[in-house]
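Note that the protein sequences, when read in sequence, are chains A and B.
Position 244 of the first sequence, counted from 1, bears residue number 244 in our numbering, the numbering being contiguous throughout.
Position 431 of the second sequence, counted from 1, bears residue number 431 in our numbering, the numbering being contiguous throughout.
Please read the structure below before turning to the comments.
Protein chains: 2
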Amino acid sequence: MSSRRDTIRAAARAARRAGSALGRVSGPERRAVLLAMADALERPDLRGKVLRANAADRADADAARDRGELAQALVDRLLLDDKKLQGLCDGLRQLAGQPDPIGRVSIDRELDDGLVLRRVTCPLGVLAVVFEARPDAVPQIVGLAVRSGNGLVLKGGREAARTNAALVELLRSVLADQGFDPAAIALLEDRADVDIVLDLERDIDLVIARGSSAFVHHVQTRSRIPVLAHAEGVCHLFLHESADVAKAVRIALDAKTSYPAACNAIETLLWEEGAAPALDACLTALAEQGVELRVCPDTLARHPSLKLATENDFGREFGSLVLAVSHVPDLAGALRHIETYGSRHTEAIVAEDEDAAAEFLARVDAACVFHNASTRFADGYRFGLGAEVGISTSKLHARGPVGAEGLVTTRWLLHGDGQIAADYGPGKRRFKHRDR
Amino acid sequence: MSSRRDTIRAAARAARRAGSALGRVSGPERRAVLLAMADALERPDLRGKVLRANAADRADADAARDRGELAQALVDRLLLDDKKLQGLCDGLRQLAGQPDPIGRVSIDRELDDGLVLRRVTCPLGVLAVVFEARPDAVPQIVGLAVRSGNGLVLKGGREAARTNAALVELLRSVLADQGFDPAAIALLEDRADVDIVLDLERDIDLVIARGSSAFVHHVQTRSRIPVLAHAEGVCHLFLHESADVAKAVRIALDAKTSYPAACNAIETLLWEEGAAPALDACLTALAEQGVELRVCPDTLARHPSLKLATENDFGREFGSLVLAVSHVPDLAGALRHIETYGSRHTEAIVAEDEDAAAEFLARVDAACVFHNASTRFADGYRFGLGAEVGISTSKLHARGPVGAEGLVTTRWLLHGDGQIAADYGPGKRRFKHRDR
């Protein structure tokens with residue numbers, strides 16, 4: 001254990017050194033690495049290796065499923081095919097086209113003559129990413145780490161071990177070809193390694209957790225390092241009395257049924273009295289799509305054939321074709337319901353009344369607040385971030401979809417000519433604080 | 001205990017509601033509150049009440065000190081006099097003059113025709129500030145909370161209970177006069193209240209801890225809420241071989257002796273061979289000012305009368321007139337020493353060689369990195385932030401001196417006209433991602 005800890009710490013430190021070289025080169029040089037990675041993933045020989053590794057992982061997984069040891073959903077998530085790999089290539093090229101997140105100056109201020117302060121973005125240092133089955137996370141996360149000049153320690157799911165290893169080998173060889181130390185990316189293999197990683201406070205700057213809610217929660221509870229968690233999404237759609245019926249139906253269907261397992265899918269539909277026509281149309285359309293509706297007593301009074309919800313159905317992430325429905329007295333009631341039950345991820349209103357929409361957008365405390373648009377737009381790619389490490393429901397550092405910009409920090413750089421603080425103050429020199 | 005918990009939670013929720021009203025009004029309205037607070041602190045009758053409360057606290061503290069129950073340093077920190085109050089008024093007015101941190105748009109992007117995304121700053125919600133003796137923290141922190149539109153739960157030191165209560169009463173009455181609910185600011189009194197506050201994950205968004213290292217560490221360990229900690233500063237000054245001797249001496253003296261207890265004072269002086277003349281001059285000047293020097297064997301060889309440092313003296317925050325001194329082989333050696341022993345607070349180089357300075361500034365991983373300037377400039381007021389809640393050595397969210405800008409978060413606001421995510425993708429509509 002202690003020697004394993006030493007090995008992992010050494011890998012994290014090597015990732016810091018090698019990553020810092022990525023952070024110091026120019027934006028175009030980092031961009032070239034991303035483009036070369038996309039090219040490599042398109043080369044038939046290299047892609048073939050990845051696909052063969054994936055086939056081997058899937059054969060084992062199929063066998064495990066047949067023995068009843070692995071769920072089919074997990075087996076499905078393992079799959080990496082030409083279409084998915086092509087999507088990853090496109091993603092890397094998009095990321096290469098994004099503005100450079102490093103070296104941005106957000107404050108440039110003369111404190112006094114010849115005493116110049118700048119606040120400049122820089123890499124965080126070393127990211128540790130722990131994720132479950134999905135191997136397509138590897139190129140995305142490596143791409144984001146390279147773009148943001150960070151070293152990377154990766155720990156993927158055991159079921160995808162061969163695929164992850166093949167992907168990391170390919171991506172590391174591109175780093176080496178481009179003149180960088182491949183130690184910038186380290187891959188860990190053992191499940192027990194996760195807990196060791198979460199203890200390396202001085203060697204890892206940010207932990208990114210992707211996977212099931214239970215897995216993410218374990219990481220959050222266990223880690224002494226800040227965690228960027230792709231956590232629970234309990235999203236609501238509120239039908240205002242001014243809601244356009246057709247828009248309400250389109251949005252409700254998309255938000256619930258286009259990908260029910262997504263964190264940006266809705267779990268609860270809220271409606272006020274004047275929105276009854278929109279409600280009726282939504283419930284009919286949702287039921288036709290096979291959505292199970294669990295409704296409050298007021299909704300039940302209007303739709304007696306539906307199932308009565310329990311208190312436990314509100315504030316719950318179903319992650320499937322189940323939707324809770326609640327009547328609220330008015331906009332203020334919708335805001336109270338969302339404040340009580342929401343997870344501060346994404347909340348939406350359907351309304352033609354601009355004042356009502358403005359009030360909803362001003363008052364809801366969530367990472368994303370939408371008007372007349374599906375909650376499913378809450379996504380790094382759709383937002384134009386190029387890629388995302390996840391959608392953060394934490395309010396600090398980065399909120400909502402987090403791209404490369406969320407993987408940097410700032411430093412305050414001060415250039416002087418021998419100035420000392422004791423020369424400033426009442427009756428002495430005064431600061432000029434001139435922004436440039 | 002449980003009923004105390006309910007009381008505190010109710011206060012935090014009231015602070016959220018009342019604070020959110022502050023967050024929704026215009027910047028000038030929040031600014032007017034700060035100016036009215038400064039005016040109130042200048043009114044002789046109101047100021048008199050605060051001074052009398054402080055005199056009572058100090059009388060008790062003096063008695064406790066005489067009984068050997070309280071350190072003199074703590075008694076000293078209690079003092080609030082006309083000069084300090086005037087400084088606080090000036091600080092509030094400066095803060096009022098700062099740009100508004102709320103409602104800043106950092107991304108304004110058309111995802112598609114009629115589908116507009118903006119990322120906008122907004123208040124965090126409720127801040128809990130736990131701090132030790134110094135009552136002058138109260139108006140500063142209240143000012144920052146008002147500026148950033150946040151509700152506030154304050155817990156000060158027991159020794160300053162009357163002073164804190166008088167200050168909060170004054171500031172709350174200004175809030176009421178300006179048409180705001182004074183519940184935006186809540187003052188807790190019991191030591192046991194701190195641990196209750198640290199458990200209120202859903203009701204408090206950020207904990208700010210100010211006080212001794214031990215106190216701050218307790219809060220960090222105990223809290224389930226993110227903590228902005230004004231933590232340890234182990235700062236270094238490196239004398240490069242190109243160092244100007246006079247600048248080196250000025251900076252070393254200021255950085256060590258102007259306020260040795262400050263977190264931005266230096267704890268270790270590093271020098272390379274070619275900087276020996278600068279070293280000699282610094283050590284002579286520091287010794288004349290009563291600084292105890294604890295030196296490495298190489299330094300001892302040059303200055304045999306000094307005291308040999310132990311390994312324990314490096315990476316240590318003395319907080320007093322003690323300075324460790326170490327020879328390093330070169331700039332790279334200085335970087336290694338800082339990486340090993342520094343607390344990532346503030347690091348400085350004295351050098352006339354611009355290339356060496358540029359390398360130091362590029363490579364040191366710390367909140368503040370300075371060239372030819374005293375580490376004592378690392379301060380919110382000196383940086384022109386108007387005020388600070390503390391100097392964060394964490395890399396996430398806010399780094400270095402943290403002003404009102406560090407007390408906000410962002411929300412992603414999306415305005416559409418019924419758009420749904422399923423309409424976009426390969427073979428369907430494409431996002432435009434046009435920044436405006």
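Yeah, the Cβ is synthetic: ideal placement off N, Cα and C, and Gly gets one too.
- Every unbroken stretch of the alpha helix (DSSP H) spanning 4 or more residues and falling wholly within the region 79 to 140 of chain B is given here in chain order: 82 to 97.
- Residue range 161 to 177 is occupied by the alpha helix (DSSP H) that includes L170(A).
- Between G151(B) and A38(B), the alpha-carbon positions lie close to 19 Å from each other.
- For the pair P401(B) and R67(B), the Cα-to-Cα distance works out to about 38 Å.
- Counting the other CB atoms within 10 Å of its CB gives G97(A) a total below 16, which places it among the exposed residues.
- For K247(A), the residues of chain B that pass the 8 Å Cβ criterion are D417, G418, in the order they occur in the chain.
- Burial check for E42(A): the Cβ neighbour count within 10 Å stays below 16, so the residue is exposed.
- Under DSSP, C235(A) forms a beta bridge with I266(A).
- With a threshold of 8 Å between beta carbons, C368(A) makes contact with chain B.
- A direct Cα-Cα distance of roughly 41 Å separates I266(B) from E29(B).
- Secondary structure of H303(A) (DSSP, three-state): coil.
- Listed along chain A are G418, I420, each with a C-beta nearer than 7 Å to that of I251(B).
- Taking the C-beta atoms as reference points, A387(B) is found nearer than 8 Å to G380(B).
- CA-CA distance, V168(A) to E405(A), rounds to 23 Å.
- CA-to-CA, the gap between P182(B) and G290(A) works out to about 51 Å.
- DSSP links V153(A) through a beta bridge to A128(A), A186(A).
- Spanning the alpha carbons of L78(A) and A15(A) requires a straight line of approximately 27 Å.
- Bounds of any alpha helix (DSSP H) do not take in G418(B); it lies within the beta strand (DSSP E) bounded by 408 to 419.
- Interface criterion met: the Cβ of T409(A) is under 8 Å from a Cβ in chain B.
- In this structure, the straight-line span from the alpha carbon of H371(B) to that of A262(B) is close to 20 Å.
- Taking C-beta atoms under 8 Å as the contact rule, V369(B) and F360(B) qualify, at a distance of about 7 Å.
- Annotation for L206(B): the continuous beta strand (DSSP E) segment containing it runs 206 to 210.
- Per DSSP, the beta bridge partners of I349(A) are F238(A), H371(A).
- In the three-state reduction of the DSSP assignment, Y259(A) falls in the coil class.
- Taking a contact to require three or more Cβ pairs closer than 8 Å, the region 126 to 134 of chain A and the region 203 to 211 of chain A qualify as touching.
- Going by DSSP, S343(A) is part of no alpha helix (DSSP H) at all; its letter is neither H nor E.
- In the structure shown, the three-state DSSP call for P297(B) is helix.
- Contact holds between the region 238 to 248 of chain B and the region 281 to 296 of chain B, because three or more Cβ pairs, one in each stretch, are under 8 Å apart.
- Assignment of beta-bridge partners to Y424(A) by DSSP yields R429(A).
- In this structure, A161(B) keeps its C-beta atom at 8 Å or more from the C-beta atom of K49(B).
- Contact of A362(B) with chain A by beta-carbon distance below 7 Å involves R24.
- Residue pairing by DSSP places G390(A) opposite V402(A) in a beta bridge.
- Of the residues assessed, G390(B) falls on the buried side of the cut-off, its CB having 16 or more other CB atoms within 10 angstroms.
- Per DSSP, the unbroken beta strand (DSSP E) holding V227(B) starts and ends at 227 to 229.
- At a Cβ-Cβ threshold of 8 Å, D365(B) and R344(B) count as neighbours.
- At a C-beta separation below 8 Å, D199(A) has no neighbours in chain B, since its nearest C-beta there lies roughly 15 Å away.
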